[in-house]
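Participant: Sending over a structure as structure tokens; questions will come in a sec.
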Amino acid sequence: MSEWQRLPGYVSHKDGPEMPTVTIETGRIRQACEHARDELGFDVCVDVVATDYLDWGDKGVSGYIGTASGRDLMHPMTQGLQALPELKPKRFSISYHLLALRQGAPRARLQCWADEGERVPSVISVWPTCDWHEREQFDLMGIVFDGHPNLERLLMPEDWEGHPLRKDYPIGGEPVRFSDEE
Amino acid sequence: MSATATPPSTRGSWPVVDDGQYDGSRIPARVPTTLAVPEELRESQDVLQVNFGPNHPSTHGVLRLIVDLHGEEVVGVSAVIGYLHTGFEKSMESKTYWKGVTFPERIDYVGYQNNGLVYVLAVEQLLELEVPTKAKWMRMLLCELNRIHSHLVFLGTSALELGAISMFWYCFREREMVLDLSELVTGQRMHTRYFQIGGLAEDIPQGFFPECRKFVEWMPHALDDYKGILDRNEIWLERTKGIGVLSARDAIALGQTGPNLRASGVDWDLRRDQPYLHYEQVDFQVPVYPEGDVYARYRVRMDEMAESTKIVRQCLDKLERMEGMPWIADDRKVVLPPREELHTSMESLIHHFKIVTEGFRVPEGEIYVAVESPRGESGCYLVSDGGPKPWRIHFRAPSFVALEATATCLHHALVADLIAVVGSLDAVMGDTDR
Numbered sequence: 004m005s006e007w008q009r010l011p012g013y014v015s016h017k018d019g020p021e022m023p024t025v026t027i028e029t030g031r032i033r034q035a036c037e038h039a040r041d042e043l044g045f046d047v048c049v050d051v052v053a054t055d056y057l058d059w060g061d062k063g064v065s066g067y068i069g070t071a072s073g074r075d076l077m078h079p080m081t082q083g084l085q086a087l088p089e090l091k092p093k094r095f096s097i098s099y100h101l102l103a104l105r106q107g108a109p110r111a112r113l114q115c116w117a118d119e120g121e122r123v124p125s126v127i128s129v130w131p132t133c134d135w136h137e138r139e140q141f142d143l144m145g146i147v148f149d150g151h152p153n154l155e156r157l158l159m160p161e162d163w164e165g166h167p168l169r170k171d172y173p174i175g176g177e178p179v180r181f182s183d184e185e
Numbered sequence: 105m106s107a108t109a110t111p112p113s114t115r116g117s118w119p120v121v122d123d124g125q126y127d128g129s130r131i132p133a134r135v136p137t138t139l140a141v142p143e144e145l146r147e148s149q150d151v152l153q154v155n156f157g158p159n160h161p162s163t164h165g166v167l168r169l170i171v172d173l174h175g176e177e178v179v180g181v182s183a184v185i186g187y188l189h190t191g192f193e194k195s196m197e198s199k200t201y202w203k204g205v206t207f208p209e210r211i212d213y214v215g216y217q218n219n220g221l222v223y224v225l226a227v228e229q230l231l232e233l234e235v236p237t238k239a240k241w242m243r244m245l246l247c248e249l250n251r252i253h254s255h256l257v258f259l260g261t262s263a264l265e266l267g268a269i270s271m272f273w274y275c276f277r278e279r280e281m282v283l284d285l286s287e288l289v290t291g292q293r294m295h296t297r298y299f300q301i302g303g304l305a306e307d308i309p310q311g312f313f314p315e316c317r318k319f320v321e322w323m324p325h326a327l328d329d330y331k332g333i334l335d336r337n338e339i340w341l342e343r344t345k346g347i348g349v350l351s352a353r354d355a356i357a358l359g360q361t362g363p364n365l366r367a368s369g370v371d372w373d374l375r376r377d378q379p380y381l382h383y384e385q386v387d388f389q390v391p392v393y394p395e396g397d398v399y400a401r402y403r404v405r406m407d408e409m410a411e412s413t414k415i416v417r418q419c420l421d422k423l424e425r426m427e428g429m430p431w432i433a434d435d436r437k438v439v440l441p442p443r444e445e446l447h448t449s450m451e452s453l454i455h456h457f458k459i460v461t462e463g464f465r466v467p468e469g470e471i472y473v474a475v476e477s478p479r480g481e482s483g484c485y486l487v488s489d490g491g492p493k494p495w496r497i498h499f500r501a502p503s504f505v506a507l508e509a510t511a512t513c514l515h516h517a518l519v520a521d522l523i524a525v526v527g528s529l530d531a532v533m534g535d536t537d538r
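Just so you know, the protein sequences line up as chains A and B, in that order.
Here the first sequence stands for residues 4 to 185, where the numbers follow our numbering.
Here the second sequence stands for residues 105 to 538, where the numbers follow our numbering.
Printed below as a string of structure tokens:
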């Protein structure tokens, strides 16, 4: 049993080139973070970031991929064929990038998934630094963090409508002032 | 080489009641980034609320602090950011990877080389692209010059705010030398777009090495000058020592990185503890000061400039012997072909056209890459769906996190200290707001 499986709410884990990604049940992310801090020694939460996977892989992607080692002909995209990216369980992923301040700088990414309107427990009581990180993700991505004492917009103006980093938020959707006041 | 002292545990560190001696934690109890006016003062008529910024010269850009003053004492503070929010992350989602290189350098516009580096490293890691060793050494050299440049801006402006105006001129004199070097190599003083995915944009010009040597020889003398002006200056010492204290525990709990963390006594530097490029091959020290005050933050940055100068010298030793070696990866699917080939080779012309118009595709995956920028851990989180544009890109901004510590540092501070403290955290608003 790996150390990740002892995390509360553990779902699965996958090794990556720079750090493992551990998927956690959304409702238990706070307990998992507490466990990661106290038992696994991840002192610092460097970053909290949400990603919107709306329409992910709907059209598929095609074309050549370049790598230093040449082309892997077993991979469809390197031959110009279409490939579908791996489907995601829900619309939003919320990733917590953790760092342990010890030899080797171990890192881990705890990840939980949420649908539109689903609430995610705040981890501000585990790492105070998540205050602004969570506010930023609420502001730009519309993720609601349960238990955050001051969940307000951070980067956008207070009266702004919508969450700009969502995939269904239009680019250039801001009205141009005076343009229709001839 | 490793972190020597074990950092203090953050277990159960927040909220802890302040015991006056700062053994516990000073992070405000309810909202960690907001210093709330104490209950007994809230009803009194003696509390004055003032706006500090967003266009005050000593906020280093457009930071707005809403400050509650009781006499000269700061009893409440909350930071308002976002005045420089430009939506870099959203814009980059609609640009190909090749075009995206221009954006990150403008996020942290003072530490531009380091921010440019973290983006190209992230894309290169997803592509599994091997970068020539000459490019790695040159990237290190420019990143260290950039670190010196950034610390000079910090030192000059924060000394200026505390009344030492001559420091500003001295610092900007050396800063000008760094920018001249940058212009010599890249053609631009700032925001150079010199780091490309796969290596460097151009070979290093001949005249660069002797000019850079001159700078490396000069810089230690300049640092001595600065020390002469500041280190025995009574006003400077009075206004920085014991001001804006941040303990190691609080610094870690607040996610501080870089010089701010090292000034709180935590021996941590990604260049040594998680080496990237060729940092494991150079010899340098990581300055650590335990006091956690404004003075310690100044000392860390002063020492770092000396260490960066040492690294630049070692990079020069290596690079001078790499004449004629490749400076960019030879992968025609990702890297633009040499300009002269476009006149003779149809294939090169097609590759050039494809990369510039459609862009190259990056394998599906997600990655987080971090480098030690002048302000701390600068990170890039990148999600690719296999297409030519990033699905999601996010920058972990060290300035953003540094400003979260403002409330904790301003515990029982005076309004004049506020300026010293905000300056010492060295936040760049472009980086904070992105």
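We put the beta carbon where it would ideally sit given N, CA and C, even for glycine.
Name the residues in the region 348–366 of chain B whose C-beta lies less than 7 Å from a C-beta of chain A; which are they?
Facilitator: Correct list: Ile356, Ala357, Leu358, Gly359.
Participant: Going by alpha carbons, who is nearest to cysteine 484/B out of Val460/B, Glu451/B, Phe312/B, Ile497/B?
Facilitator: Looking up residue 484/B in the second sequence gives position 380. Among Val460/B, Glu451/B, Phe312/B, Ile497/B, the Cα nearest to that of cysteine 484/B belongs to Ile497/B.
Participant: If you drop the 5 nearest sequence neighbours on each side, which residues of the same chain put their C-beta closer than 7 Å to that of proline 142/B?
Facilitator: Mapped onto the second sequence, residue 142/B falls at position 38. Excluding sequence neighbours, proline 142/B sits near Val179.
Participant: Using alpha carbons as the reference points, say which of Leu453/B, Glu470/B, Cys316/B lies closest to glutamine 418/B.
Facilitator: In the second sequence, counting from the first residue as 1, residue 418/B sits at position 314. It is Cys316/B.
Participant: If I measure Cβ to Cβ from histidine 136/A and keep anything under 6 Å in the same chain, skipping five residues before and after, which residues do I get?
Facilitator: On the first sequence, position 133 is the one that residue 136/A refers to. Here the set comprises Val51.
Participant: Which runs of the beta strand (DSSP E) spanning at least 3 residues fall entirely within the region 290–348 of chain B, listed in chain order?
Facilitator: The region 290–348 of chain B contains no whole beta strand (DSSP E) run of 3 or more residues.
Participant: Against chain B, does isoleucine 32/A count as a neighbour if the rule is that its beta carbon must be under 8 Å from one of theirs?
Facilitator: Start at 1 with the first residue of the first sequence, and residue 32/A comes out as number 29. No, no contact with chain B.
Participant: Quick one: Cα of leucine 225/B to Cα of alanine 520/B, how far?
Facilitator: The count along the second sequence starts at 1 and reaches residue 225/B at position 121. The count along the second sequence starts at 1 and reaches residue 520/B at position 416. One C-alpha to the other measures close to 41 Å.
Participant: Threonine 54/A lies in the beta strand (DSSP E); which residues open and close that run?
Facilitator: As a first step, residue 54/A must be located in the first sequence, where it is residue number 51. First-last of the beta strand (DSSP E) with threonine 54/A: 47–55.
Participant: So, arginine 401/B versus asparagine 364/B, is the Cβ gap smaller than 8 Å?
Facilitator: Sequence index remark: in the second sequence, residue 401/B carries index 297 (1-based). Sequence index remark: in the second sequence, residue 364/B carries index 260 (1-based). In contact: arginine 401/B and asparagine 364/B (Cβ atoms closer than 8 Å).
Participant: Where do the ends of the beta strand (DSSP E) carrying proline 124/A lie?
Facilitator: As a position in the first sequence, residue 124/A is number 121, starting the count at 1. Per DSSP, proline 124/A belongs to the beta strand (DSSP E) from 122–124.
Participant: From the beta carbon of aspartate 171/A, is the nearest beta carbon of chain B less than 8 Å away?
Facilitator: Taking the first sequence and counting its residues from 1, the one referred to as residue 171/A is at position 168. Answer no: the Cβ-Cβ gap between aspartate 171/A and chain B never drops below 8 Å.
Participant: Helix, strand or coil for isoleucine 356/B? Go by DSSP, reduced to three states.
Facilitator: Stepping through the second sequence from its first residue, residue 356/B is reached at position 252. Correct three-state label for isoleucine 356/B: helix.
Participant: Using a Cβ-Cβ cut-off of 6 Å (strictly less than) and excluding sequence neighbours within five positions of proline 119/B, which residues of its own chain qualify?
Facilitator: Along the second sequence, one-based indexing puts residue 119/B at 15. A caution first: proline 119/B carries a pLDDT of 41, below 50, which makes its placement in the model unreliable, though a value can still be read off. These residues qualify, in order along the chain: Ala133.
Participant: Quick one: what does DSSP say glutamine 153/B is sitting in, helix, strand or coil?
Facilitator: For the purposes of this step, residue 153/B is taken as the residue at position 49 of the second sequence. Looking at glutamine 153/B - three-state DSSP - the assignment turns out to be strand.
Participant: Along the alpha helix (DSSP H) that carries lysine 458/B, what are the first and last residues, could you check?
Facilitator: The residue you call residue 458/B lines up with position 354 of the second sequence. Run containing lysine 458/B: 450–461, per the alpha helix (DSSP H) assignment.
Participant: Between arginine 243/B and chain A, is there a C-beta pair that is closer than 8 Å?
Facilitator: Within the second sequence, residue 243/B is the residue found at index 139, counting from 1. Chain A, which has no Cβ nearer than 8 Å to the Cβ of arginine 243/B, makes this no.
Participant: Run through DSSP, which three-state label would serine 195/B get?
Facilitator: Here residue 195/B is taken as the residue at index 91 of the second sequence, counted from 1. Reduced to three states, the DSSP call for serine 195/B is helix.
Participant: Note down, in chain order, all residues in the region 481–508 of chain B with a beta-carbon under 7 Å from any beta-carbon belonging to chain A.
Facilitator: Within the region 481–508 of chain B, the qualifying residues are Glu481, Gly483, Tyr485, Val487, Asp489, Gly490, Gly491, Arg496, His498, Arg500, Phe504, Val505, Glu508.
Participant: Whole alpha helix (DSSP H) runs in the region 186–244 of chain B with 4 or more residues, listed along the chain?
Facilitator: Complete alpha helix (DSSP H) runs here, min 4: 192–197, 201–204, 208–211, 216–231.
Participant: Looking at C-alpha atoms only, which residue of Ile415/B, Ala367/B, Tyr383/B is the closest neighbour of proline 394/B?
Facilitator: Taking the second sequence and counting its residues from 1, the one referred to as residue 394/B is at position 290. Nearest of Ile415/B, Ala367/B, Tyr383/B to proline 394/B, Cα basis: Ala367/B.
Participant: Could you check what DSSP says for aspartate 149/A in three-state terms: helix, strand or coil?
Facilitator: As a position in the first sequence, residue 149/A is number 146, starting the count at 1. Here aspartate 149/A sits in strand by DSSP.
Participant: Strictly by DSSP, which residues pair up with tryptophan 273/B?
Facilitator: Taking the first residue of the second sequence as position 1, residue 273/B is located at position 169. Answer is none; tryptophan 273/B lacks a bridge partner.
Participant: Leaving out five residues on either side along the sequence, give the residues of the same chain with a beta carbon under 7 Å from the beta carbon of leucine 327/B.
Facilitator: Taking the first residue of the second sequence as 1, we reach residue 327/B at position 223. Correct list, in chain order: Met406, Met409, Ala410.
Participant: Could you give the DSSP three-state label for tyrosine 485/B: helix, strand or coil?
Facilitator: Translated into positions along the second sequence, residue 485/B becomes position 381. Three-state result, tyrosine 485/B: strand.
Participant: Short check: CB of tryptophan 130/A to CB of alanine 531/B, under 8 Å?
Facilitator: Against the first sequence, residue 130/A aligns to sequence position 127. Against the second sequence, residue 531/B aligns to sequence position 427. Not closer than 8 Å, so no.
Participant: Taking Cβ-Cβ distances shorter than 7 Å, what residues in chain A pair up with serine 198/B?
Facilitator: Along the second sequence, read from residue 1 onward, the residue named residue 198/B stands at position 94. Residues of chain A passing the Cβ test: Ile174.
Participant: Who are the near neighbours of isoleucine 347/B in its chain, counting only those whose CB is closer than 6 Å to its CB and skipping five residues on each side?
Facilitator: Residue mapping note: residue 347/B aligns to position 243 of the second sequence, counting from 1. Asp397, Val398, Asp521, Ala524, listed in sequence order.
Participant: Would you say tryptophan 116/A faces chain B, with C-beta separation under 8 Å as the test?
Facilitator: Here residue 116/A is taken as the residue at index 113 of the first sequence, counted from 1. By this cut-off, tryptophan 116/A is not an interface position.
Participant: Using a Cβ-Cβ cut-off of less than 9 Å, list which residues of the region 377–389 of chain B approach chain A; keep chain order.
Facilitator: Result list: Asp377, Gln378.
Participant: When the Cβ atoms of the region 495–513 of chain B are set against those of the region 468–483 of chain B, are three or more pairs found closer than 8 Å?
Facilitator: Short answer: they touch.
Participant: Return no unless some Cβ of chain A is closer than 8 Å to the Cβ of tryptophan 202/B.
Facilitator: Translated into the one-based positions of the second sequence, residue 202/B becomes position 98. So, not an interface residue.
Participant: Which residues in the same chain as methionine 105/B place their Cβ atom closer than 7 Å to its Cβ, once the five residues preceding and following it in sequence are excluded?
Facilitator: Along the second sequence, one-based indexing puts residue 105/B at 1. With a pLDDT of only 34 at methionine 105/B, under 50, the local geometry of the prediction cannot be trusted, and the value read off the model is given with reservation. Cβ neighbours of methionine 105/B beyond the five flanking positions: Arg376.
Participant: Can you pull the DSSP bridge partners for glutamine 114/A?
Facilitator: Looking up residue 114/A in the first sequence gives position 111. Answer is Thr26/A, Ser98/A.
Participant: What would DSSP say about leucine 446/B, mapped onto helix, strand or coil?
Facilitator: Mapped onto the second sequence, residue 446/B falls at position 342. In the structure shown, leucine 446/B sits in a helix (DSSP, three-state: H, G or I).
Participant: Using CA coordinates, which residue listed in Ile97/A, Phe95/A, Leu154/A, Lys17/A is at the minimum distance from threonine 138/B?
Facilitator: In the second sequence, the residue the question calls residue 138/B occupies position 34. The shortest C-alpha separation from threonine 138/B is found at Leu154/A.
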